[in-house]
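**Q**
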Amino acid sequence: MVVANRAARSIAGIDADTLRAMYRHMLRSRMLDERIWLLNRQGLARFWVSGMGQEAIQVALGMHVRPGHDWVAPYYRDLALTLVLGMTPRDQLLAALAKADDPNTGGRQMPAHFGCRRLQIITTGSVVATQFIHAAGIALASKIRGEDAVTVVTTGEGATSEGDFHEALNFAATHRLAVVFVVEDNGLAISVPTTQQMPTADVSDRAAGYGIPGVVVDGSDPVASYLACGEAVARARAGHGPTLIDAKVPRLTSHSSDDDQRRYRSAEALANDRAHDCVGCFAARLGEQGVLSARDEEAMRAELLAELDVATAEAEEAPDPEPESVLLHVLGEA
Amino acid sequence: MAVKTYLEAIREGMRDEMRRDDRVMVFGEDVGAKGGVFGVTEGLQREFGEWRVMDSPLAESCIVGVCIGAAFNGMRPIAEIQFQDFILPGVDQIVSEAAKIRYRSNDDWNMPLVIRAPFGGGVHGALYHSQSLEAMFCHVPGLRVVVPSNPYDAKGMLVAAIRDPDPVLYFEHKKAYRLIRGEVPDHEYTVPLDRVRVVREGRDIVVFSYGLMVDTAVQAAERLAPDGFSVSVVDLRSLRPLDRQGIVESARRCGKVLIAQEANLAVSVSSEVSAIVAEECFEYLDAPVMRIGGPEVPAMPFAKPLEDAYLVDVDKLESKLRSLAEY
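Protein sequence lines, in the order shown, are assigned to chains A and B.
All residue numbers for the first sequence refer to our numbering, where the first residue is 261 and numbers rise by one.
All residue numbers for the second sequence refer to our numbering, where the first residue is 3 and numbers rise by one.
Now the structure itself:
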């Protein structure tokens, strides 16, 4: 390992403060994700679907979004993305424990079904790829009103086989809408590998059919991801239309808390994924570059752990939804 | 007051709301320069421009999903599905998304969206241009489903649907477009989306119906008048939610109930109205609830004898009414 004598001021043009902020977002999400798994195994959180291994691309994307101005259509692994945008560990713990004050859904949906109107994170359901078309529609409305808001939409690569994915790309590309399509490509649709999902190696190959740029990026590399997302967001904001980003990521956990990936993945594949864990790799890189010392990293962990412990306690004590509220909010007042 | 067609009333409802509210937009296949395959949106693109009256790709999930997205971002979209028969690729967006957005977000979001689609047969549209699929959507909480039967309601209910904060499926009987005429005020008005309308007062029998079948029911009712049978006709107008109170009042007053619809009967609007009458009016009934509708075949065939055999016409409805009257 090369230890830098002097602290780097930047990596690839990204300043040290931004790099440290990105690492903090990633670590905060990882620690929260691990906590929710623990709550699941304790029987307190009845379900969880994790984003572990996908934090780098999510944080990189989120850093370019202007919360409350831009629009976000996330999918269920985007825990880190929601934190960058301004949601909190407490918010997501309230969701994990299905509490009444869960700002995403009030405990109505499974955890990880994100949404927050204040931050213009649209509500999301469990059906995959539907949100792609919503993103195109959101961007159409921005275009009609002449606004420079960008809409970012994410998915796993599994959902790119759905018709809605293609209908959305087709429409957004036809009208040069300000959308950034980000595929967090972990190579598995639950258990089905990419080779059984699509004829090409990269989802981004499909961009050519819609006449838009298709970009492959190492989604575990926060620096490369930051640059790719920045370019795509800038392109969209400037009115040059959508970009399709194919971010290659590992999947460090089973599909969900109800799945066991050891049944369909080799020990070698699992070990390889762990070796590409973006959090550990980024910490090492920032250490080597003198951007974040081991001591500062320890202090960061301690601070985040304290926040997490408070948030967990608050979420555990928060009230459950009232049974009678099951009938509320079917239709509004005309 | 000017007499207008059902089609003109629908167009006027859209046009007036678009003039009043620049959030209102129309999105669908051929709605732009062509003005829609039936001409409902004719002239709207000329007045409001290519972005507010926008031709969509030939993709129904895209039509509904883009409108959902636009509604998230402050617009009041009207999606036009060219024929109700082609709405099915959009059903995931309607049922999994639009219907559940308010509920699943715990009232953080809502979905002010209108989906217009022509339905119904009698125009030689065959299996895929004649269907009446409304019952599928009536099963889904979170949606409103409405069917106007006349020009006055067509305009007033469309304006109400556009202003409503939740998804409204607004189904138009395509044969009514140029066949049904009536007085339509020029001024701004709305018609509620949850009330029946008593079209014809009567004492002995009530016919509940909706869409073009209301007209058929009125004609049949008049044929019974010379024989001393007083038949009420009630237009359901809103199929979800049904006006439970309005249905119960007429059923109790008349004591004999016929439900007439163009769709086949199994698990349909008539089934739900029958259930309401059974639950709420048992002691007031003088006869079993009767129903008339399409046969249990997949859809309406093309050849005229087959289409005629499928459809409920005035003769068939009169005959059913007489059997109920004589019970």
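Virtual Cβ for every residue (Gly too), placed ideally from N, Cα, C.
Could you give the DSSP three-state label for B/TYR329: helix, strand or coil?
**A** Coil.
**Q** Could you tell me if A/GLN314 is buried or exposed, where buried requires 16 or more neighbouring beta carbons within 10 angstroms of its beta carbon?
**A** Counting Cβ neighbours within 10 Å, A/GLN314 comes out buried, since at least 16 surround it.
**Q** Under 9 Å between C-beta atoms, does A/ALA399 make it to chain B?
**A** Yes, A/ALA399 lies at the interface with chain B (some Cβ there is under 9 Å from its Cβ).
**Q** Report yes if the CB atom of A/ARG466 is closer than 9 Å to the CB atom of A/LEU504, and no otherwise.
**A** Yes, the Cβ-Cβ distance between A/ARG466 and A/LEU504 is below 9 Å.
**Q** Between A/ALA264 and chain B, is there a C-beta pair that is closer than 9 Å?
**A** Low local confidence applies: a pLDDT of 49 at A/ALA264 is under 50, so the model's placement there is unreliable, with the coordinate-based value given in what follows. So no, A/ALA264 is outside the interface.
**Q** So B/SER325 and B/ALA262 are supposed to be a Cβ contact under 8 Å. How far apart are they, rounded?
**A** Contact doesn't hold; Cβ gap of about 13 Å is too wide.
**Q** For B/HIS175, which of helix, strand or coil comes out of DSSP?
**A** B/HIS175 falls in the strand class under three-state DSSP.
**Q** In the DSSP assignment, what residue or residues form a beta bridge with B/ALA262?
**A** Answer by DSSP bridge pairing, in chain order: B/ILE294.
**Q** Where does A/VAL325 sit, in a helix, a strand or coil, going by DSSP?
**A** Note: A/VAL325 maps to coil in three-state DSSP.
**Q** Return helix, strand or coil for B/GLU82, following the three-state DSSP convention.
**A** It is a strand residue.
**Q** Buried or exposed for A/ASN446, going by 16 or more other Cβ atoms inside 10 Å?
**A** Buried, since its Cβ has 16 or more Cβ neighbours within 10 Å.
**Q** Could you pull the DSSP bridge partners for B/MET56 from this structure?
**A** For B/MET56, which the question treats as bridged, DSSP gives the partners B/PHE29.
**Q** Within 10 Å of its beta-carbon, does A/VAL483 have 16 or more other beta-carbons around it, so buried, or fewer, so exposed?
**A** Buried, since its Cβ has 16 or more Cβ neighbours within 10 Å.
**Q** Helix, strand or coil for B/ARG146, going by three-state DSSP, please let me know.
**A** Here B/ARG146 sits in strand by DSSP.
**Q** Any C-beta of chain B sitting closer than 9 Å to the C-beta of A/TRP308?
**A** Judged by the 9 Å Cβ criterion, A/TRP308 is not in contact with chain B.
**Q** Leaving out the 5 sequence neighbours to the left and right, which residues in its chain are closer than 6 Å to B/SER132 when beta-carbon positions are compared?
**A** Correct list, in chain order: GLY123 and MET302.
**Q** I'd like to check one pair, A/ALA428 with A/VAL439: are the Cβ atoms closer than 9 Å?
**A** Yes, the pair counts as a contact, with Cβ atoms nearer than the cut-off.
**Q** Rounded to whole angstroms, what's the CA-CA distance from A/CYS538 to B/LEU46? Just pull it up for me.
**A** Taking the straight line joining both Cα atoms gives about 53 Å.
**Q** What runs of the beta strand (DSSP E), each 3 residues or longer, lie entirely inside the segment 96-144 of chain B?
**A** Runs of the beta strand (DSSP E) inside the segment 96-144 of chain B: 116-121.
**Q** I'd like to check one pair, B/THR218 with B/VAL316: are the Cβ atoms closer than 9 Å?
**A** Cβ distance < 9 Å, so B/VAL316 and B/THR218 count as in contact.
**Q** Since A/ALA507 and A/GLY490 should fall inside the 8 Å C-beta cutoff, what is the C-beta to C-beta distance between them, to a whole number of angstroms?
**A** Not really, about 13 Å apart at Cβ, beyond 8 Å.
**Q** At a CB-CB cut-off below 7 Å, which residues of chain B make contact with A/HIS589?
**A** Going along chain B in sequence order, the residues near A/HIS589 (Cβ under 7 Å) are ARG104, TYR105, ASN108 and ASP109.
**Q** In whole angstroms, give me the CA-to-CA distance for A/TRP308 and A/ALA355.
**A** Their Cα atoms are separated by approximately 10 Å.
**Q** Can we say the segment 195-204 of chain B touches the segment 228-235 of chain B, given the rule of at least three CB pairs closer than 8 Å?
**A** The segment 195-204 of chain B is in contact with the segment 228-235 of chain B.
**Q** Please work out which residues of its chain come closer than 7 Å, Cβ to Cβ, to B/ILE164, disregarding the five sequence neighbours upstream and downstream, and give them in chain order.
**A** The residues are GLU19, VAL26, ARG78, ILE80 and VAL116.
**Q** Could you check the C-alpha separation between A/ALA268 and A/LEU345 for me, to the nearest Å?
**A** Cα to Cα, the separation comes out at about 27 Å.
**Q** Cβ of A/ALA575 within 9 Å of Cβ of A/ARG288?
**A** No, the Cβ-Cβ distance between A/ALA575 and A/ARG288 is not below 9 Å.
**Q** How big is the Cα-Cα spacing for A/VAL262 and A/GLU548?
**A** With a pLDDT of 49 at A/VAL262, under the threshold of 50, the predicted position of this residue should be treated as unreliable, and no value is reported.
**Q** Determine whether the Cβ of A/LYS508 lies closer than 9 Å to any Cβ atom of chain B.
**A** By this cut-off, A/LYS508 is not an interface position.
**Q** Under 7 Å Cβ-Cβ, which residues of chain B neighbour A/GLY592?
**A** Result: ARG104, ASN112, PRO167 and ASP168.
**Q** Using a threshold of 9 Å, state whether the C-beta atoms of A/GLY499 and A/ARG545 are closer than that.
**A** Contact flag unset, no.
**Q** Using CA coordinates, which residue listed in A/ALA272, A/ARG337, A/ARG280 and A/ALA372 is at the minimum distance from A/ALA305?
**A** Per the Cα distances, A/ALA372.
**Q** Could you check what DSSP says for A/VAL503 in three-state terms: helix, strand or coil?
**A** A quick correction: the sequence has Thr, not Val, at residue 503 of chain A. Reduced to three states, the DSSP call for A/THR503 is strand.
**Q** Return no unless some Cβ of chain A is closer than 9 Å to the Cβ of B/VAL5.
**A** Cβ-Cβ to chain A under 9 Å: no for B/VAL5.
**Q** Sort A/ALA531, A/LEU587 and A/GLY592 by Cα distance to A/ARG368 and report the nearest one.
**A** Nearest C-alpha to A/ARG368: A/LEU587.
**Q** Is A/LEU298 buried or exposed, if buried means 16 or more other CB atoms sit within 10 Å of its CB?
**A** Its Cβ having fewer than 16 others within 10 Å, A/LEU298 is exposed.
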